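**Student:**
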Amino acid sequence: MRKQIWQRWAVLGPAVALGLYSGRIVSEVARPTLPAAIVVTLFTCLAAVWLLRRRPLRQAWPAVLLLLYVFSWEPDPRRAVLALALAATTTLLNGNWQLVTGGRWQVAGGISDLSLAICHLPLAALIAPLLVAGFFSLYLLTLAPGVLPADSGELQLAAYKLGVAHPPGFPLYTLLAHLFTRLPFAASAAYKVNLWSAVTSALTVGLIYRSTLRLARRRLAGVVAAVALGTSTTFWSQATTANVRSLTALFAALCFYLLLGIGQRESLLTTNQENPRQSVPSALSASHRQRSLILLAAVLSLGLTHHPSLVFMAAVFGLYALLVDPALLKQPGRWPPLLLAGLAGLLPLLYLPWRGAAGAWGAPNDLTTLPGFLNHALALGFRGDLFYFREASALWQRFLVMGNVMAFQFSPLLLVGMVGGLLVLLWRERRPALLLGGSFAIHTLITATYRAPQTVEYMLPAYVPAALCLGYLVGWCQEWIERTSVQSAPQNPLTVFRSTARAVYVTLPTALLVVSIQQATYRYPSFATLHSQTHSLDYARGLLTDAPANTVILADWHWATPLWYSQEVEGQRPDVTIAFVFPTGEAYADTWARRIGEELAAGRPVIATHYDETAYLSLPSPEPVGEAFLFSPKPRQTLPDGYQPLALTLGQAIHVLGYALQTDEVEIGDETTLALAWRPSTHYPLPIALFAHLVGGDGQLYGQADAPIRAADPTAITLTQFRLTVYPGARPGPLSILIGAYTAGGQPLTDAAGQSRTAIASLTVTPMSRPPLTQHPTYRTLADGPTLQRLIGYDGDNTLAGRPRLYLHWQTEQGYYSEVVDGEAAVQATLPPWYGLWGQPILDFGFWILDRSNPKSKIQNPKSHYIPLGQGLVWV
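In my numbering, the protein residues as written are 384 to 1259.
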């Protein structure tokens, strides 16, 4: 009797939590008066009590998780949705899900009629295909639209032309990607090669699910691991672009899947008909294990053929295989099939000499010789980059970078779950712990000591065992829940301690799943934006279109590949020569200057994608061509097409003859380019710098650029380009573009009216279409005013000596902008009334309330940095 009374009253806690949450949500949407908000909340609490009145506490307790938002300081729809998702998912998973005979789900201690009906659907066999299809759709929605720079552009071109990429050549990738370029639908070859990455990444996600199922024997564990990896930053990025890393990750996932099947008998389960919650391990036959080892040898060999970096993980794979099957060393009769499978995986390497003999695009001249073949296939030219660090003390710093890389990929809770999963695995199953932990450690070590900037990409295979560790933790939590549920009969109630522990074990997997999904919602807008970016192709086409006849384009690797693609695939400008300027023993800038001088001496115009002011002093003054520079053998004597004529003399030193503005409308934080055409006078003092300013109606400076100028030929017209970024703090509206000049001593060169700056044009500034980066997100909608005005974040900066600066980031109906507050006003800044808890207006008596734990610390802390660099970059 006491137990029944206690259970009936105990459910009031979850009911009140649900009522308070609902009342707060309704009030913050409707924004009623305070008495009305109280009435609404009382009504929702009564409704929640009535709804849960017949539910036992063991089913209703997840509603308590809604208090995470009820007790949050500020209204924020993102936090509200996160709390609701956590509570709802925990409610659905509060029962014990098992796969029973017939492939259907059942739930022990059902949670609701709806969830029970869902659980009885035959979904078990469809989870992996649904994950693959779902992530493929996600990657397709965010797929890069065409040609890409650097290695990606090279791979797209090599796949289309059956060429040879840079060492190690990637023959298997090239052959498979070439098949995708022949798919019968209307799209560019570059897009279809990008699509190949989406396919391999989606398959990897499916394999992660299946591998976790073998390791943790729980389907929710597989789903969490798959979603966490599939939504990680670099994995998602690589899934939408042409690259070799996605296929490398797929081979790594295949190896883990096969190894876990070989090493764990418990991975093959039969159902105990008397107690469906318990599974019985079935024996793994010797013939099945041998077939799995043969398949593993073939897969690993193909993986190494694709990218030799897997050789380090392969050492761990081999050790694990011997630990779980030590008889292999004593049975030589089993070796020949493994050897033949490994040799079969090397067959794609024959592609290299075949295409070398055919003179394929990108193939080196010596590829048909044994030394040339080995040098290319084994990437011997990169061997000096491995284990590259000059001091042992630098190694620790590199490992810190690896920690930063992992934090860039996964949410903090997921990282904790990965570490926890590995620790539990070490405690319970040492061999899988060696496989996963050893593979992650050795690949991380190699990446940390590799001399290359693309660390996040090289780490991609290591993310696979990390995700499997996360899945194992979820499976262990589920196993504990099922074990305690079996031990707790209805007549033997759980103790308070056991009930609390069970709640934790239920909530943790749910939280990991919700956070994994939250990664996707947080990162999707960025990838959706990249889906519409065609900058690489626009840049390449622009250079080829604007290049004079018979031009030589000298390009760094970043831009060489899209230029080659535009010329080779699209057939643009066959008269133009595109040459990659690779580093030599001299300074890189000197190599550029020498190459430019050689081509000019041959009488050919040169476009360079690289510029160095000091190294180019002996060369003619270049003209801007988009983001590149045109060196012409003949001095310019006329104003270029598209320039607005201008008659402006500055200090009797230079004559400004015209200008060209890239666009007359730009978002806050973005840039536009201004090009000036000028000629020196006979009174030309050296040196001189030109400048361009963006000035608002309040007289404040909202953008500027300075450029030292020189005239190699005083009779020619020189073009100088300025890249003008609109600073944060600018308001939507017009800005005036003013230009001027000054000498090395800072003496201004005035115009005919005696002014140091002359207005020549105007620029319309529009709000940002995306919210600015902030380290302190908030959600404060102002109560005054007819239109939307919401504070979405704030940041403090102390890099200006003795003058604190505060950035307030606002959302309006038109978009976003940032307000800059300096000096004492930044410390004493306040807000007008804003809608706070339960939609009630709150008067902010001090901006410090945004950081209640340490008032004003974000402004007064000298280590606080927030320097907007433009184009979405902020130094923090």
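Glycine included, every Cβ here is placed at the ideal spot set by N, Cα and C.
These numbers come from a predicted model, not from an experiment.
Could you tell me the alpha carbon to alpha carbon distance between Leu891 and Phe454, rounded to whole angstroms?
**Tutor:** Looking at the two C-alpha atoms, the distance is approximately 20 Å.
**Student:** Note the first and the last residue of the continuous beta strand (DSSP E) segment covering Phe1105.
**Tutor:** Segment 1101-1108, the beta strand (DSSP E) holding Phe1105.
**Student:** Do Thr564 and Tyr592 have their C-beta atoms within less than 7 Å of each other?
**Tutor:** Result no, Cβ atoms of Thr564 and Tyr592 do not sit closer than 7 Å.
**Student:** Where do the ends of the beta strand (DSSP E) carrying Asp346 lie?
**Tutor:** No information on residue 346 is available, as it lies outside the stretch 384 to 1259 that the chain covers here.
**Student:** On the DSSP bridge assignment, give the partners of Thr1032 in chain order.
**Tutor:** Thr1032 is bridged to His1038.
**Student:** Hey, could you find the ends of the alpha helix (DSSP H) Tyr452 is sitting in?
**Tutor:** First-last of the alpha helix (DSSP H) with Tyr452: 450-453.
**Student:** Could you tell me the boundaries of the alpha helix (DSSP H) in which Gly589 lies?
**Tutor:** Here the alpha helix (DSSP H) through Gly589 covers 572-599.
**Student:** From what residue to what residue does the alpha helix (DSSP H) around Arg674 run?
**Tutor:** Looking at the DSSP string, the run of the alpha helix (DSSP H) that includes Arg674 is 669-689.
**Student:** Report the rounded CA-to-CA distance for Val707 versus Leu465, giving the unit in angstroms.
**Tutor:** The straight-line gap from Cα to Cα measures roughly 43 Å.
**Student:** For Arg597, count the other beta carbons within 10 Å of its own beta carbon; 16 or more makes it buried, fewer makes it exposed. Which is it?
**Tutor:** The residue in question, Arg597, is buried, as its Cβ has 16 or more Cβ neighbours within 10 Å.
**Student:** DSSP three-state label for Ala810, please.
**Tutor:** Here residue 810 turns out to be Trp, not Ala, going by the sequence shown. The answer is helix: DSSP assigns Trp810 an H, G or I state.
**Student:** Does the beta-carbon distance from Gly589 to Val515 come in below 7 Å?
**Tutor:** Cβ atoms of Gly589 and Val515: closer than 7 Å.
**Student:** Considering only DSSP beta bridges, list what Leu1121 is partnered with.
**Tutor:** BP columns for Leu1121 point to His1076, Ala1142.
**Student:** Whose C-beta lies closer than 8 Å to the C-beta of Thr623 among residues of the same chain, with five residues either side of it excluded?
**Tutor:** Cβ within range, chain order: Tyr522, Thr525, Leu526, Ala527, Asn577, Ser580, Ala581, Phe910, Leu913, His914.
**Student:** Flag this pair as touching only if the stretch 971-989 and the stretch 551-570 have three or more C-beta atom pairs under 8 Å; answer yes or no.
**Tutor:** Not touching, per the Cβ criterion.
**Student:** DSSP puts Gly1253 in a beta bridge; with which residues?
**Tutor:** Paired residue(s): Leu1256.
**Student:** With three or more beta-carbon pairs closer than 8 Å as the criterion, would you say the stretch 1079-1096 touches the stretch 1104-1122?
**Tutor:** Yes: the two stretches touch, three or more of their Cβ pairs being nearer than 8 Å.
**Student:** Assuming Ala609 and Tyr855 form a contact by the criterion Cβ under 8 Å, report the distance between their Cβ atoms to the nearest whole angstrom.
**Tutor:** Contact doesn't hold; Cβ gap of about 13 Å is too wide.
**Student:** Going by alpha carbons, who is nearest to Leu451 out of Leu403, Ala419, Ala413, Phe426?
**Tutor:** Out of Leu403, Ala419, Ala413, Phe426, Leu403 has the C-alpha closest to the C-alpha of Leu451.
**Student:** Can you tell me whether Met1151 is helix, strand or coil according to DSSP?
**Tutor:** Three-state DSSP puts Met1151 in a strand.
**Student:** Under 7 Å Cβ to Cβ from Val694, same chain only, skipping five residues before and after it: list those, please.
**Tutor:** Hits under 7 Å: Leu687.
**Student:** By a C-beta neighbour count over all protein chains shown, 10 Å radius and 16 as the cutoff for buried, is Pro754 buried or exposed?
**Tutor:** Exposed is the call here.
**Student:** Spell out the partners DSSP gives Val1008 in its beta bridges.
**Tutor:** BP columns for Val1008 point to Ala1011.
**Student:** Just to confirm, does Ala609 get its C-beta within under 6 Å of one of the non-hydrogen atoms of the ligand NAP?
**Tutor:** Judged by which ligands are present, the structure shown has none, so any question about the ligand NAP falls away.
**Student:** For Ala943 and Phe963, which I take to be in contact (beta-carbon distance under 8 Å), what is that distance rounded to the nearest angstrom?
**Tutor:** Ala943 to Phe963, Cβ: 4 Å. Contact.
**Student:** Tell me which residues share the same chain as Gly406 and place their Cβ nearer than 8 Å to its Cβ, disregarding the 5 neighbours each side in the sequence.
**Tutor:** For Gly406, where only same-chain residues beyond five positions count, the Cβ hits under 8 Å are Ala420, Val423, Thr424, Leu425, Phe426, Thr427, Cys428, Trp1221.
**Student:** Determine the extent of the alpha helix (DSSP H) in which Glu840 is found, giving its start and end residues.
**Tutor:** That run of the alpha helix (DSSP H) goes 838-841.
**Student:** Is Lys713 buried or exposed, if buried means 16 or more other CB atoms sit within 10 Å of its CB?
**Tutor:** Classification of Lys713: exposed, given that the 10 Å Cβ count is below 16.
**Student:** What's the gap between the Cα of Tyr1026 and the Cα of Leu750?
**Tutor:** Straight-line Cα distance between these residues: approximately 50 Å.
**Student:** Candidates Leu448, Val394, Pro445, Leu469: which alpha carbon is nearest Trp433's?
**Tutor:** Measuring from the Cα of Trp433, the nearest candidate turns out to be Val394.
**Student:** Do you know how far the Cα of Glu1006 is from the Cα of Pro1018?
**Tutor:** Computed Cα separation, rounded: 10 Å.
**Student:** To the nearest angstrom, report how far apart Ile1100 and Ala1036 are at their CA atoms.
**Tutor:** The alpha-carbon atoms of Ile1100 and Ala1036 are separated by roughly 14 Å.
**Student:** Which first and last residues belong to the alpha helix (DSSP H) in which Trp1221 is found?
**Tutor:** That residue, Trp1221, is in no alpha helix (DSSP H); it is neither H nor E in DSSP.
**Student:** Name the two residues that bound the continuous beta strand (DSSP E) containing Asp1178.
**Tutor:** Its beta strand (DSSP E) spans residues 1172-1180.
**Student:** For Ile1250, count the other beta carbons within 10 Å of its own beta carbon; 16 or more makes it buried, fewer makes it exposed. Which is it?
**Tutor:** With fewer than 16 other Cβ atoms within 10 Å, it is exposed.
**Student:** So Tyr1162 is in the beta strand (DSSP E); what residue range does that whole segment cover?
**Tutor:** Tyr1162 -> beta strand (DSSP E) spans 1160-1165.
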